[in-house]
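Q:
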Amino acid sequence: MSSRGAAQLWVRLRADDPEAVSALAVARTMDDGRGAPVSLRRFRLVELRGPLPPRAELEALLARSIQFYNPQKEAVRLRLAAGEPAPLEAGERAVLVVERGAVRRPAAERWWAAVTGRAVEVREGVVWALRFAPGTAAARAAARLAVLRDRRRGLLCNPHAEAHRLAGEAVPMPWLTLTRAARGGKP
Amino acid sequence: MTARVAVLQFPGVNCEAEALRAVERAGLRGELFRWTRPAAELRGFQAYVLPGGFSWQDRVRAGALAAKHVLTGALAEQVEERGTPVLGICNGAQVLVESGLVPGGGRVDVALARNRMPDRGGYYAAWVYVRVEASPCVFTRTLAPGTVLPLPVAHAQGRFTSRRPGRLSDLLAHGQVPLRYATVAGDAATAFPDDPNGSDAAAAGVCNAAGTVLALMPHPERALDLGQLARAVGGPWAERRERAREAGGSGSGPGLGLFEGLARHLEEM
Numbered sequence: 114m115s116s117r118g119a120a121q122l123w124v125r126l127r128a129d130d131p132e133a134v135s136a137l138a139v140a141r142t143m144d145d146g147r148g149a150p151v152s153l154r155r156f157r158l159v160e161l162r163g164p165l166p167p168r169a170e171l172e173a174l175l176a177r178s179i180q181f182y183n184p185q186k187e188a189v190r191l192r193l194a195a196g197e198p199a200p201l202e203a204g205e206r207a208v209l210v211v212e213r214g215a216v217r218r219p220a221a222e223r224w225w226a227a228v229t230g231r232a233v234e235v236r237e238g239v240v241w242a243l244r245f246a247p248g249t250a251a252a253r254a255a256a257r258l259a260v261l262r263d264r265r266r267g268l269l270c271n272p273h274a275e276a277h278r279l280a281g282e283a284v285p286m287p288w289l290t291l292t293r294a295a296r297g298g299k300p
Numbered sequence: 075m076t077a078r079v080a081v082l083q084f085p086g087v088n089c090e091a092e093a094l095r096a097v098e099r100a101g102l103r104g105e106l107f108r109w110t111r112p113a114a115e116l117r118g119f120q121a122y123v124l125p126g127g128f129s130w131q132d133r134v135r136a137g138a139l140a141a142k143h144v145l146t147g148a149l150a151e152q153v154e155e156r157g158t159p160v161l162g163i164c165n166g167a168q169v170l171v172e173s174g175l176v177p178g179g180g181r182v183d184v185a186l187a188r189n190r191m192p193d194r195g196g197y198y199a200a201w202v203y204v205r206v207e208a209s210p211c212v213f214t215r216t217l218a219p220g221t222v223l224p225l226p227v228a229h230a231q232g233r234f235t236s237r238r239p240g241r242l243s244d245l246l247a248h249g250q251v252p253l254r255y256a257t258v259a260g261d262a263a264t265a266f267p268d269d270p271n272g273s274d275a276a277a278a279g280v281c282n283a284a285g286t287v288l289a290l291m292p293h294p295e296r297a298l299d300l301g302q303l304a305r306a307v308g309g310p311w312a313e314r315r316e317r318a319r320e321a322g323g324s325g326s327g328p329g330l331g332l333f334e335g336l337a338r339h340l341e342e343m
């Protein structure tokens with residue numbers, strides 16, 4: 114086992130993602146002239162922190178369990194360092210959404226401890242990857258779409274139950290641990 | 075003339091038949107109104123019911139997509155312009171919260187978050203008790219404050235909460251929490267399973283300030299008859315059920331009163 118480390122598992126459906134399709138369709142109906150996204154993809158972001166094995170062993174462990182992803186219907190990208198790129202396409206802005214007080218995955222942590230004898234922390238959130246038309250102020254447009262304010266504005270995060278974070282050019286590593294809600298902090 | 079009540083069905087809603095039956099049991103004229111109909115036709119109704127289910131499969135968040143639908147926009151206009159009553163049950167409640175119609179004012183002010191239950195997670199279905207609180211809510215107007223109703227809940231995201239500390243208690247103090255989870259004896263619930271989801275202020279239902287729009291997580295339309303009560307239900311309603319059974323009949327269940335409140339309100343309009 115390595116010393117304390119972090120790993121990000123970016124999980125997406127192999128098939129078209131109904132959540133992303135619907136979210137994009139609705140976002141377009143909400144467009145107030147300031148730019149709806151031209152594409153929208155969704156990932157489940159699972160983050161592990163603790164004494165982790167080398168990549169090959171880690172990949173094998175993650176594939177063995179039903180706690181992290183379903184290899185029959187989901188594709189994954191494992192990211193172990195900030196220098197490794199997240200699976201985002203050119204021009205995509207990433208918005209992380211987590212549920213306040215419900216970020217940890219105890220069942221996955223129990224499975225890991227039972228199989229490896231080691232304790233890791235497992236957290237999960239949703240990443241929305243948004244791409245806007247050239248010339249759109251992408252960061253501002255992503256922020257507008259992220260936070261639900263009323264029936265006409267915002268969609269991806271109800272701030273009364275969820276927290277969100279926009280990534281800059283580089284996606285943080287770790288990311289989930291950095292959010293206040295993910296740390297168990299008060300809203 | 076009998077008031078017309080539209081029971082709105084978005085794709086994924088699955089409690090429309092029970093909701094229609096409840097409306098009609100209260101003496102109103104119910105009509106199923108699917109998402110494919112022109113929104114302008116909603117103007118021909120005197121009240122609306124948003125039933126439970128999983129509109130758009132709960133994509134993004136429960137109720138989030140239906141809240142943006144053109145029908146919900148038209149419904150919001152009727153609420154604002156005419157004070158038209160709306161009852162949102164379970165997924166319907168999630169739509170009302172996500173659209174800012176509850177607690178009202180247009181801004182999204184609360185959430186129906188994932189249940190918080192000790193040592194378990196996910197979907198929870200059980201009979202619970204709710205207590206009627208003092209409120210201008212038109213749906214509880216025929217029920218005295220303190221009345222205890224056994225009703226079924228069935229949801230994974232039913233926890234009323236807000237990032238504003240004390241917001242639900244504030245709404246309760248202003249009469250906007252007409253129904254709270256309670257014990258069979260009528261004390262406010264303080265823990266699971268009396269409070270089945272960890273709602274702030276044990277809120278089971280939240281209404282707008284006028285009392286015309288109610289977001290309610292329990293399902294009154296599944297409790298129209300005494301014979302529908304679970305065997306585990308206790309208290310006065312269980313005694314009524316036993317008396318009715320011994321007499322060889324049934325009788326109106328605890329959920330009907332909310333629809334009768336709507337009928338009374340519409341009669342007086």
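Protein chains in written order, with the working numbering: chain A, 114 to 300; chain B, 75 to 343.
Think of the CB as a built atom: it goes at the ideal place given N, C-alpha and C, for glycine as much as any other residue.
The structure displayed is predicted, hence computed values, not measured ones.
1) For residue 172 of chain B, I'd like the list of residues in its chain whose CB is within less than 6 Å of its CB, leaving aside the five on either flank, ordered along the chain.
2) How is residue 299 of chain A classed by DSSP in three states: helix, strand or coil?
3) Along the segment 224–253 of chain B, what residues have a CB closer than 7 Å to any CB found in chain A?
4) Against chain B, does residue 274 of chain A count as a neighbour if the rule is that its beta carbon must be under 7 Å from one of theirs?
5) At 7 Å on the CB atoms, spell out the chain A contacts of residue 130 of chain B, in chain order.
6) With DSSP as the reference, identify every bridge partner of residue 120 of chain B, one or two as the case may be.
7) Where does residue 235 of chain B land, buried or exposed, given buried means 16+ other C-beta within 10 angstroms?
8) Starting from residue 137 of chain A, trace the alpha helix (DSSP H) both ways and give me its first and last residue.
9) Considering just the uninterrupted stretch of the beta strand (DSSP E) at residue 233 of chain A, what are its terminal residues?
10) Would you say residue 179 of chain B faces chain A, with C-beta separation under 7 Å as the test?
11) With DSSP run on the structure shown, which of helix, strand or coil describes residue 152 of chain B?
12) Can you list, in chain order, the residues of the segment 146–159 of chain B whose Cβ is nearer than 8 Å to any Cβ on chain A?
13) Hey, out of B/252, B/120, B/144, B/226, whose CA is closest to residue 110 of chain B's CA?
14) From this set, A/202, A/276, A/172, which residue's C-alpha is nearest residue 193 of chain A's C-alpha?
15) What alpha helix (DSSP H) runs, 4 residues minimum, are completely inside the segment 266–334 of chain B?
16) So, at 7 Å on beta carbons, what are the nonlocal neighbours of residue 308 of chain B in its own chain, with the 5 sequence-adjacent residues on each side left out?
17) What's the call for residue 222 of chain B, buried or exposed, on a 16-neighbour Cβ count within 10 Å?
18) Mind checking who residue 229 of chain B pairs with in its DSSP beta bridge?
19) Check whether chain A comes within 7 Å of residue 273 of chain B, counting only Cβ atoms and requiring the distance to be less than that.
20) Any contact of the segment 158–177 of chain B with the segment 198–206 of chain B, i.e. 3+ C-beta pairs under 8 Å?
21) With a CB to CB cut of under 6 Å and the five nearest residues on each side skipped, what residues in its chain are close to residue 129 of chain B?
22) Does the beta-carbon of residue 299 of chain A have 16 or more other beta-carbons within 10 angstroms, so that it is buried, or is it exposed?
23) Can you confirm whether residue 182 of chain B, when its beta carbon is compared against all beta carbons of chain A, has any partner nearer than 7 Å?
24) What does residue 191 of chain B pair with, by DSSP beta-bridge criteria?
25) Since I believe residue 186 of chain B is in contact with residue 232 of chain B (beta carbons under 8 Å), could you give me their beta-carbon distance rounded to a whole number of angstroms?
26) Can you pull the chain B residues whose beta carbon is under 7 Å from the beta carbon of residue 262 of chain A, in chain order?
27) Could you give the distance in angstroms between the alpha-carbon of residue 283 of chain B and the alpha-carbon of residue 250 of chain B?
28) Quick check on the DSSP output: what are the complete alpha helix (DSSP H) runs of length 4 or more inside the segment 151–179 of chain A, in order along the chain?
29) List, in order along the chain, the chain A residues whose C-beta lies closer than 7 Å to that of residue 174 of chain B?
30) Are the C-beta of residue 342 of chain B and some C-beta of chain A separated by less than 7 Å?
A: Working from what's here:
1) By 1-based counting over the second sequence, the position of residue 172 of chain B is 98. For residue 172 of chain B, where only same-chain residues beyond five positions count, the Cβ hits under 6 Å are 137, 138, 141.
2) For the purposes of this step, residue 299 of chain A is identified with residue 186 of the first sequence, where counting begins at 1. Reliability fails at residue 299 of chain A, whose pLDDT of 42 lies under 50, so the model's placement of it is uncertain and no value is given.
3) 235, 236, 237
4) In the first sequence, residue 274 of chain A corresponds to position 161, counting from 1. Judged by the 7 Å Cβ criterion, residue 274 of chain A is in contact with chain B.
5) Walking along the second sequence from the start, residue 130 of chain B turns up at place 56. Ordered by position in chain A, the residues that pass the 7 Å Cβ test against residue 130 of chain B are 135.
6) Position 46 of the second sequence, counting from 1, holds the residue named residue 120 of chain B. Residue 120 of chain B pairs with nothing; no bridge assigned.
7) Here the question's residue 235 of chain B lines up with position 161 in the second sequence. Label assigned to residue 235 of chain B: buried.
8) By one-based count along the first sequence, residue 137 of chain A stands at place 24. Looking at the DSSP string, the run of the alpha helix (DSSP H) that includes residue 137 of chain A is 131–143.
9) As a first step, residue 233 of chain A is located in the first sequence; it is residue number 120 there, counting from the start. Looking at the DSSP string, residue 233 of chain A is not in any beta strand (DSSP E), and its letter there is neither H nor E.
10) Your numbering for residue 179 of chain B matches position 105 in the second sequence. Taking Cβ atoms only, chain A never reaches closer than 7 Å to residue 179 of chain B, which makes this a no.
11) Against the second sequence, residue 152 of chain B aligns to sequence position 78. Residue 152 of chain B: helix per DSSP, three-state reduction.
12) 146, 147, 150
13) Position 36 of the second sequence holds residue 110 of chain B. The residue with the shortest Cα to Cα distance from residue 110 of chain B is B/144.
14) As a first step, residue 193 of chain A is located in the first sequence; it is residue number 80 there, counting from the start. Ranking the options by Cα distance to residue 193 of chain A, first place goes to A/172.
15) 310–320
16) Residue mapping note: residue 308 of chain B aligns to position 234 of the second sequence, counting from 1. Counting only Cβ-Cβ distances below 7 Å, and skipping sequence neighbours, we find 258.
17) Working through the second sequence from its first residue, we reach residue 222 of chain B at position 148. Label assigned to residue 222 of chain B: buried.
18) Along the second sequence, read from residue 1 onward, the residue named residue 229 of chain B stands at position 155. Looking at the DSSP assignment, residue 229 of chain B forms a beta bridge with B/198.
19) Within the second sequence, residue 273 of chain B is the residue found at index 199, counting from 1. Judged by the 7 Å Cβ criterion, residue 273 of chain B is not in contact with chain A.
20) no
21) Start at 1 with the first residue of the second sequence, and residue 129 of chain B comes out as number 55. Around residue 129 of chain B: 84, 86, 87, 140, 165.
22) Numbered from 1 along the first sequence, position 186 holds the residue referred to as residue 299 of chain A. Reliability fails at residue 299 of chain A, whose pLDDT of 42 lies under 50, so the model's placement of it is uncertain and the value that follows must be treated cautiously. The residue is exposed, with fewer than 16 neighbouring Cβ atoms inside 10 Å.
23) Reading the second sequence from its first residue, position 108 is the one you call residue 182 of chain B. Yes, residue 182 of chain B counts as interfacial toward chain A.
24) Counting from 1 along the second sequence, the entry for residue 191 of chain B is found at position 117. Per DSSP, B/194.
25) The residue given as residue 232 of chain B occupies position 158 in the second sequence. The residue given as residue 186 of chain B occupies position 112 in the second sequence. So it is a contact: roughly 6 Å between Cβ atoms.
26) Within the first sequence, numbered from 1, the residue matching residue 262 of chain A stands at position 149. In chain order: 181, 182.
27) Indexing the second sequence from 1 puts residue 283 of chain B at position 209. Indexing the second sequence from 1 puts residue 250 of chain B at position 176. Distance between the alpha carbons of residue 283 of chain B and residue 250 of chain B is about 6 Å.
28) 168–177
29) Position 100 of the second sequence, counted from the first residue, corresponds to residue 174 of chain B. Those are 263, 264, listed as they occur along chain A.
30) Position 268 of the second sequence, counted from the first residue, corresponds to residue 342 of chain B. No, residue 342 of chain B lies away from the interface with chain A (no Cβ there is under 7 Å from its Cβ).
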